[in-house]
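Since the structure comes first, as structure tokens, the remarks are kept for the end.
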Amino acid sequence: MLLSKSEGKEFLLMGNQAIARGALEAGVSVAAGYPGTPSSEIIENLAAVAPDADLYVEWSVNEKVSLEVAAAGSFAGLRSLCVMKQNGVNVASDFLLHLVLSGTRGGMVLIPCDDPGAISSVNEGESRYFARLMEIPLLEPGDFQEAKDMTKWAFELSEEISNVVMLRSVTRLSHASGNVKLGELNRAKPSAKFNFSGNLLDAKTGPVITAPVPFRHTQQQAKLKKAIDLFERSPFNRYEGPENPELLIITSSACYLYSREALRVLDAEKRAGILKLGTTWPLPPELLKKHLAAADKILIVEEVLPFLEENIKILAMENIDSIGKIKFFGKNNGTIPSVNEMNPDHVIKAVSSILNIPYTGMPEEYEKSGQILSFTKSPNRELTFCPGCPHRASYWSINRALTLNGKNGFVCGDIGCYTMAILPAGFGTIKTAHSMGSGTGVASGFGKLKSFGLNQPVVSVCGDSTFFHAGMPALVNAVHNGSDMLLVILDNSGTAMTGFQPHPGIPSDAAGNKLPSVDIESVCRSIGAKTFTTDPFNISETEKKVLDIIENETGARVLIMRQGCALSPEKKGKKKYNVSVDSNICKGTDCGCNRLCTRVFRCPGLVWNSSTGKAVIDEIICAGCGVCADICPSGAIKRSEVMS
Amino acid sequence: MIDPFNIIITGVGGQGNVLAARMLGNTLTKAGYYVTIGETFGASQRGGSVMSHLRVSKESSWSPQIPKGKAHLIIALEPIESLRVLAAYGNRDVKVVSNTRPIYPVGVICGDLAYPSLPDLNTAVAQLCDDARFINATEEAVALGHPILSNVIMVGAAAGLGLLPIDDESFKSVISENVPESKIDINMKAYRKGKEMAVDPVKF
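Chains W and Z, in that order, give the protein sequences.
Count along the first sequence from 1, then add 3; that gives the number in the working numbering.
Count along the second sequence from 1, then add 64; that gives the number in the working numbering.
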């Protein structure tokens, strides 16, 4: 479908597919990114067609490098795309600050996919503020068709103003699907050349640099003014509603769909209008002034922070003479919640209170009985590691070693499936969890607090992809500064959480072609850390190693726990062991272990049968890792190797 | 058909929730409708609930989230998920068609939480909606040769309620685009089986 030549034909496309198609219609040549929900499918879709569409597609080591790789494409005259989740923009922002000053050549589009409500994140960060901070244009598609069309236009806009354009998506567009009419594919393969011999001040032919800063900054702001002129006439900004509405809703992105729904549901389309903005920074002032002057009440619907609200209020204040007095409703006055994602109900509630239209979503009595029935009859689905997941085994050993050591040691974590060790799934082992690689940086700091009396053993955990992304500099820091800490690298051979994208430790690229891989163990050794390895499925050896390294080694050291993810294509559906519980040996509740197997280890494949009062293996769910056989103090869990 | 018609497909990670939503969405798109699907699958691979909202309309796209209490049809690939969805999006008039095969949450597996019996669950569901039908989709899929066919049976069951403007031919053309030719017949068989089962659900 992505390379379909059926122009004008309509397909049901996921937002991320629509974006990828838009990039192909624009003739993108280079695409780079770092995996992160809800953005990953854009690069994945492009990678799948890379050989046929003459693209270079890369999963980069982190977001900053992906932006640099994409920029190189642009400097060489190619159209380039860079994709990341919201917090990736923070990582890329240092380069971005300089890139926007030097400007670009081939059209370059940066697409962050934000996750309001943190559905698949540990933050609900806003990327839109970066557009204002970096002084670059910001586009926000309001539906699936626009996701495709705006992506295509973003490349043209970028070339028109010779600078990066940011297009921001959100989970409810990226991971939602709707009808999209395809446009024409651009299949020309342009040739790349980097010109640098022109005048130092000539952005098109000279070296690509940020100096002299005042000169370049002036140029950059002139580009933004040019964008405003284009935005004033952009079809992506639309007004729907009566000429002089009682209430004007100003909105963007998925919130446009919620707002439209709210007016339809309340039958308020004759009383209220919607100004749907597709170009949200810089705001087109003439368009805004016209609409602000036509209404006395303005409701601003957006997620997550009051970005539009703040900017619109500044514009209204500057033009108060022509616009007149306005009553604003939004996040600042509490009409719209200031955290979490939006939905139709929030907008319905806001509009019904402003226009005094009664609405009942769910009768109170129904809601109450629904909550009680659901609470009592739908047991909660707590998140857990998959059956056969190496992390469960790794945390088992780390946790045991810290307990045996008895000095109140703790683990600093970061981002990946293994973050779930803040939950019972990982025995609550993780005690700090923030951003990519930050567990090791924080541990590096903790490891220097001995002189203040901190004598607790300090451990950090970091996944293999995360190690390359941001863990490496933290380890360098710990080694160089002589921090007393242990970094445990949970190497499951892939970026498992986001769907097995390759990273520098994997010998293949985004499209599956062979590439040289970087060996984590050699990297750690060459940094100067004492480095050990273990197989976490061997829990007795792993526990012994963790304890020994904590008690008998000093300085920054590394223990690599290497075992592939249970869902990896190589392992999925293949059992190493047949596992069973010998019911003659299992003592059940009389054992004295307090159900270590099912109450603590909590693998979905190991079931507590309350009628027999004994544990039993669920053959269908069990992945055959065999680890639980070593957990049982009575030796009731048996494993036998599967003959291949 | 009520416009927009609001469908929720709910289940647990690994059940093929997203695929089932796709099949139904593509069939309706082919029938000339605007379809908007909103998906929540962030925790899908880690034992969490998964939910797809489908909005079907002759006029336009709708938002990817159904307002609270406004579902018209709930397709539950896992039985207790029907109750969870009813509590948030249900109303007396919503139609529920649910698979009977449980997938136990880890709390139940560990013996910390209780999973209701099917009659018990049926009673709870009946307190929230007037038309709920349970069908042995997984069992039937296994009989047809593969448990994965239970999704197709469930989509067939949804079609069998007679609420959706889809016919066997449009479904067949979607299936043909998504499975190898040798598998088309068995998928159509599963789809038709689902249609039959919807009018002859489990009796309590």
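Every residue, glycine too, gets a C-beta built ideally from N, C-alpha and C.
Model, not experiment: these values are computed from the prediction.
| query | What residues match up with W/N612 in a beta bridge as DSSP calls it? | reply | W/K617
| message | Here's the rule: buried if 16 or more other CB atoms are within 10 angstroms of the residue's CB, otherwise exposed. What is W/H483? | response | exposed
| query | So what does DSSP say about W/Q459, is it helix, strand or coil? | reply | coil
| query | Is the stretch 70-82 of chain W in contact with the stretch 33-40 of chain W, if contact means three or more CB pairs nearer than 8 Å? | reply | yes
| Residue environment, W/K151, which counts as buried when at least 16 other CB atoms sit within 10 Å | buried
| Every unbroken beta strand (DSSP E) inside the stretch 400-451 of chain W [3 residues or more] | 413-416, 433-436
| message | For a cutoff of 8 Å on Cβ pairs, would you count Z/P265 as touching chain C? | response | Structure shown: chain C not included; protein chains present are W and Z.
| task | Report the residue from W/K533, W/C625, W/K292 whose alpha carbon sits nearest the alpha carbon of W/K578. | result | W/C625
| task | List the residues of chain Z that W/L260 touches, going by C-beta distances under 9 Å, in chain order. | result | T100, S125, W126, S127, P128, Q129
| With burial defined as no fewer than 16 other Cβ atoms inside 10 Å of the residue's Cβ, what is the status of Z/V76: buried or exposed? | buried
| task | Could you work out which residue in W/H506, W/A532, W/K517 is closest to W/V479 when comparing CA atoms only? | result | W/A532
| field | For W/M500 and W/G419, believed in contact at Cβ under 8 Å, the rounded distance | value | 5 Å
| task | Grab me the residues of W/I620's own chain with a C-beta within less than 7 Å of its C-beta, minus the 5 sequence neighbours each way, in chain order. | result | V582, S583, V584, G608, L609
| the stretch 604-615 of chain W: positions lying closer than 7 Å to chain Z by Cβ | R605, P607, V610, W611, S613
| Can you tell which of W/G456, W/C635, W/T435 has its C-alpha closest to the C-alpha of W/D417? | W/T435
| field | Candidates W/N182, W/V60, W/S63, W/E71: closest to Z/T93 by CA position | value | W/N182
| task | To the nearest angstrom, report how far apart Z/V82 and Z/I217 are at their CA atoms. | result | 15 Å
| request: Output yes if chain Z places a C-beta closer than 8 Å to the C-beta of W/R171; else output no. | output: no
| task | Return the chain-ordered list of same chain residues with a C-beta closer than 7 Å to the C-beta of Z/S124, the five sequence neighbours on each side being excluded. | result | Y98
| said: Going by beta-carbon coordinates alone, are W/R395 and W/C635 separated by less than 8 Å? | reply: no
| message | Residues of chain W with CB closer than 7 Å to the CB of Z/L185, please, in chain order. | response | K380
| field | Distance cut-off 7 Å: W/T536 Cβ against heavy atoms of the ligand GDP | value | Inclusion of the ligand GDP in the displayed structure is not the case, the ligand content being empty and no account of it being possible.
| task | Would you mind stating whether W/E66 and W/V94 have Cβ atoms separated by less than 8 Å? | result | yes
| task | Please list, in chain order, all residues of the same chain as W/I253 whose beta carbon is under 7 Å from its beta carbon, the five residues on each side excluded. | result | L278, L280, I301, I303, L311, I315
| query | Residues of chain W with CB under 7 Å from Z/K132, in chain order? | reply | D348, G364, M365
| query | Anyone know if the C-beta pair for Z/S116 and Z/A140 falls short of 8 Å? | reply | no
| query | Residues in its own chain within less than 7 Å of W/A514 by CB, not counting five upstream and five downstream? | reply | A50, A53, P54, V60
| request: State the Cα-Cα distance for the pair Z/S127 and W/A569, rounded to the nearest angstrom. | output: 36 Å
| Beta-carbon gap between W/T40 and W/D118 smaller than 8 Å | yes
| query | Would W/A179 pass as a contact of Z/T100 if the rule is Cβ separation under 8 Å? | reply | yes
| request: Can you give me the start and stop residues for the alpha helix (DSSP H) that W/S262 sits inside? | output: 257-268
| request: Would you check if the stretch 430-450 of chain W and the stretch 459-466 of chain W touch, i.e. whether three or more CB-CB distances between them fall below 8 Å? | output: yes
| query | Span of the alpha helix (DSSP H) holding W/L102? | reply | 89-105
| query | In or out: Z/D157 buried (at least 16 other Cβ within 10 Å) or exposed? | reply | exposed
| field | For W/Q504, the residue or residues it bridges with in DSSP | value | W/T498
| message | Taking beta-carbon pairs under 7 Å, can you tell me which members of the stretch 262-274 of chain W lie near chain Z? | response | E264, V268
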